[in-house]
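All remarks here apply to the structure that follows.
Residue numbers (this note's numbering), protein chains in the order written: chain A, 1 to 644; chain B, 1001 to 1153.
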C-alpha cells in the first residue's frame, strides 16, 4: 500500500513539472496521470476500508478506531472516522476531482487544463507527503492485539457516518476552484468562459458542503443531548467559513461568467475559499483551538499543515498580487443593477466570514499579543454575526430581481410591495402573539416570509404575462429554479433557527414512574426504565408516554448508552418530529428519591432548519443540472472565436 | 496543564452521564432560575472543550452552577454574580468577552470591515458605472490600434 502511495506521488510530480514548462508532450501526461493517481489512491482507500471491514487488527488505526462487535456500517465509517483515514479520504477526493477535470475537461484549452491539473496535483502531492510522513494509515502493530478499542461512540451514528465524506467533497471541491484560479493567474486570462468552467465545480463543492454541514448540525442536535444545532465551535466555524466564501464565490463567478466583471475579486475569493478550507483542516488537526470534536491533536502534524497552508495560500496570493493588474474588467453597469446587488452579497458574506474568523482566532491572538486568556463563545457570534445575515436576507429578494447592467431600483422594489407588506404583517402578527421579550422570533418570521414570497414573485415575473404562464414556469431554465429554491431554502432555514431560538420551552424534572408531569401543554408520563443490550453497548432505556389534552400522542424512548470498550457514555435523545414543533426528551440519572431526571424541550419549527438546508442543496443541484453547463463547450467555442 | 484538564474533563463526563443541569440544582423561584440559566449560558466550563456550564456534565460545571445560584439567592444582581465568578476563575470563563482593552477590536472588527468593504464596493460600482459613457462611445488609442491590426489580419 505504501508502494501504491509512492507510485501515485511520483506520477503526480511528472505532469506537474511538465505542465509548468508548458511542453505539449509533457502536458499530455497530466490526464492519464490524474486517472492513475485516482485509481491508485482508490485502491489504497479500498484496502484500508477492507481492513476495517475485516477488523484487521494488525493495523494501528483499526485497533484504535474499531472493534469486532461494531455494526458493519460503523466499521466502514470508521475508515474515515479518524485522522489518518480521513486524510487519505481527503487525498482521494483531491485525486477524484483531478481525474474528473481530466475526463470532463475536454473542452478546456490545453494549457489551462494542464495547469489546472498540475495545481490540483500539487495539492495532492502536499497532502500525500503529509500522510506518508506524519500520519501513515497503514502503520502496523508489532503485536496485533486481540480486539480493537472501538470508534468514539459519539461518532457511531448514521448522521455522522456520512458527514465527513460530504464535508470533504465540499472542502476539496473548493480546491478545484483554487486550481482554476491559480491556473488562470499563470495563464493571465480570466474571461466569461473561465467563469463558466469554474462555476459548476464551485457549485458542486458548495452543495456538498451544505449537505455536510447540515448533517453535522443535525447530528449535534440529536446526539449531544441538549438540542442545540450550532455551537460556534472552532471546528464548526472551520467548515462554515469556507461555506460563506464558497457562497460568495458562487455569486461572483456569475458576474464573471455573464458580465466579465469582478474578475480579480473572484480569483481572490477562490484562493481564499480554499485557503479557509486549509485553515479549517489546520484548526481541526493541530488542536490549536480546543473544540468538542477535534479528534487528532499533534503539534507536528499542525506544523506540516501550516506549511502546506502557507505555501498554497501564500503562494497563490503572491501570484495574485503580481498578476491581478493584468485582469481588465470589461462589463460596465449602473449603480442599481444585478452586478451591484451581487457585490453587496459578496461584501456581506465576506464580512460575515471575517467576523467568524476573527472570533475564532481571537482567543489565540489575545493570548499571544495581549497576554489575556479569554474565550469567545456563542453569545459573541450570535450578536456579531446575525446582523449581517439579517441584512443579507433583507436585500436578497430585491437584488435577485434586479436586471443586469442597468436597472431601476424603484421599479423592482415596487413589484415586491405586496410581499413586503405581507411579510411585515406576518412579523407583526408574530410579535403581537408572543409574550414579548425577544426580537428574534418576529424578525426571523418576517425574513422567512420575505425571502420565500420574494423568490415566488421573482419566478412569477419571469414567466411574463398572458397565456401559458404555468407552462412557461416549468420551462424556465433550471438555473432559475435552482436560484429560487436555494434562496427560499435560506429563508426556511432562517425561520427554523428563529423558531428554535425564540420559543423553545425547556423543563427539567424528577419523574416518578406513572406520575404524569406537564410541559408546555403536553402531559408526559414515565412508564418504565429498562436495561438493554445493544451490539456493542449497554443501554438504559426509558419509556415515556406523551399526550395532549388527554389524547395519547406518542411513546418516546430516550436512552443512555454505555460503550464498555471505549469507556464512554452517550445520550440518545428521543425526538417526536413534526412540522410545527419537535418534542425532545432526554433521560438522566436515577435520583436518590427513586425517580429519574428527565429533560424535556419543546422546540418549535426546528425541522425547518434542515428542510431549508436540503432546499439549498437541491437548488444548487438544480442549477448544476442546467443545460447551459452541459452545452457550454459548443456555445463557448463559437463565441470565443470572434472575440479573439 | 491542558492535558490534565482534558483528562479531568473525560473523567468528569464519565462519572455523571446524561444531564447538564440536574433537577436538584433548580431553584424554586422560576424567575431567579431563569436568570441563573441565562447567566450560566454565558459562562465557560473550565475543564471542558468549549461548552458552557449550562451544557456541561462535568462536576466542576455543576459546582459553578450551584455557586452562581447561591449568589443569586443571596441577592446579587446579574453582573455582581458574574463578576464574583470572573474574579475567582478569570476572564477565561466569559464566553462573551467584555468590551475592554484590546477586545474592542474584536467587537468592532465586523462593523469596521463592513465600512471598508462597503466603501471599496461603492467606489468600485461607481467607477464601473461612471466609465460607462466614455467606453461606449469611443475606443482608446491602443484599442483602436489593436482593432486596426485585427481587421488587417
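Quick reminder that beta carbons are idealized off the backbone N, C-alpha and C, glycines included.
List the DSSP bridge partners of residue 600 of chain A.
A:507 and A:585
Taking the alpha helix (DSSP H) that residue 1059 of chain B belongs to, which residues open and close that run?
1059 to 1073
Using the Cα positions of residue 1135 of chain B and residue 339 of chain A, report the straight-line distance between them to the nearest angstrom.
With a pLDDT of 43 at residue 1135 of chain B, under the threshold of 50, the modelled position of that residue is not reliable, and the figure given next carries that caveat. Cα to Cα, the separation comes out at about 18 Å.
Which runs of the alpha helix (DSSP H) spanning at least 4 residues fall entirely within the stretch 174 to 236 of chain A, listed in chain order?
192 to 223
Skipping 5 residues on each side, what residues in its chain have a beta carbon closer than 8 Å to that of residue 91 of chain A?
41, 124, 127, 128 and 131
Taking the alpha-carbon of residue 619 of chain A as reference, which of A:50, A:477, A:577 and A:182 has the nearest alpha-carbon?
Nearest C-alpha to residue 619 of chain A among A:50, A:477, A:577 and A:182: A:477.
In this structure, how does DSSP classify residue 382 of chain A when only helix, strand and coil are distinguished?
helix
Give me the chain A residues within the contact set of residue 1113 of chain B, using Cβ-Cβ distance strictly less than 7 Å, ordered along the chain.
In chain order: 351 and 354.
Should residue 603 of chain A and residue 540 of chain A be called a contact, given that it needs their Cβ atoms to be closer than 8 Å?
no
Which class does residue 1053 of chain B belong to by DSSP, given the choice of helix, strand or coil?
coil
For the candidate residues A:446, A:71, A:592 and A:89, whose alpha-carbon lies nearest to that of residue 153 of chain A?
A:71
Can you tell me whether residue 367 of chain A is buried or exposed, with buried defined as 16 or more other CB within 10 angstroms of its CB?
Exposed, by the Cβ-count rule.
Along the chain, where does the beta strand (DSSP E) that runs through residue 1080 of chain B open and close?
First-last for residue 1080 of chain B: 1078 to 1089, but that is the alpha helix (DSSP H), not the beta strand (DSSP E).
Is residue 590 of chain A buried or exposed, if buried means 16 or more other CB atoms sit within 10 Å of its CB?
exposed
Cβ closer than 7 Å: which chain B residues qualify as neighbours of residue 378 of chain A?
At a C-beta separation below 7 Å, residue 378 of chain A has these neighbours in chain B: 1095.
By the criterion of Cβ-Cβ separation under 9 Å, what are the contact partners of residue 1107 of chain B in chain A?
Within chain A, the residues near residue 1107 of chain B are 380, 383 and 384.
Between residue 352 of chain A and residue 593 of chain A, what straight-line distance do the alpha-carbon atoms span, to the nearest angstrom?
50 Å
Just to confirm, are residue 1097 of chain B and residue 380 of chain A a CB contact at a threshold of 8 Å?
yes
Relative to the C-alpha of residue 623 of chain A, which residue among A:321, A:102, A:483 and A:85 is closest?
A:483
Closest Cβ-Cβ distance between residue 1092 of chain B and chain A: below 8 Å?
yes
For the alpha helix (DSSP H) that residue 342 of chain A lies in, which residues bound it at each end?
Looking at the DSSP string, the run of the alpha helix (DSSP H) that includes residue 342 of chain A is 338 to 365.
Taking DSSP's pairing of strands, which residues face residue 531 of chain A in a bridge?
A:540
CA-CA distance, residue 550 of chain A and residue 578 of chain A?
19 Å
Got a sec? Which residues, its chain only, sit under 7 Å from residue 542 of chain A by beta carbon, not counting five neighbours each side?
526, 529, 557, 558, 587 and 596
Throw me the rounded Cβ distance for the residue 1117 of chain B and residue 347 of chain A pair, which I believe falls under 8 Å.
The C-beta distance from residue 1117 of chain B to residue 347 of chain A rounds to 4 Å, short enough to meet the 8 Å contact threshold.
In terms of alpha-carbon separation, which member of A:343, A:118, A:257 and A:170 lies closest to residue 1123 of chain B?
A:343
Could you confirm whether any beta carbon from chain B is found closer than 8 Å to the beta carbon of residue 509 of chain A?
Answer yes: the Cβ-Cβ gap between residue 509 of chain A and chain B drops below 8 Å somewhere.
Would you check if the stretch 202 to 221 of chain A and the stretch 169 to 184 of chain A touch, i.e. whether three or more CB-CB distances between them fall below 8 Å?
The stretch 169 to 184 of chain A vs the stretch 202 to 221 of chain A: in contact.
Which word fits residue 626 of chain A, buried or exposed, when buried means at least 16 other C-beta atoms lie within 10 angstroms of its C-beta?
The residue is buried, with at least 16 neighbouring Cβ atoms inside 10 Å.
For residue 1071 of chain B, collect the residues of the same chain with a Cβ closer than 6 Å to its Cβ; drop the 5 residues on either side in sequence, then sort them by chain order.
1081 and 1084
From the DSSP output, which residues share a beta bridge with residue 120 of chain A?
For residue 120 of chain A, which the question treats as bridged, DSSP gives no partner whatsoever.
Are residue 400 of chain A and residue 423 of chain A close, meaning C-beta to C-beta below 8 Å?
no
At the level of alpha carbons, what is the spacing between residue 1105 of chain B and residue 519 of chain A?
43 Å
Output, in chain order, the set of chain B residues within a Cβ distance shorter than 8 Å of residue 344 of chain A.
1121
Mind checking whether residue 440 of chain A and residue 509 of chain A have CB atoms under 8 Å apart?
With respect to residue 509 of chain A, residue 440 of chain A sits apart: the two C-beta atoms are not nearer than 8 Å.
Along the chain, where does the beta strand (DSSP E) containing residue 560 of chain A start, and where does it finish?
First-last of the beta strand (DSSP E) with residue 560 of chain A: 559 to 563.
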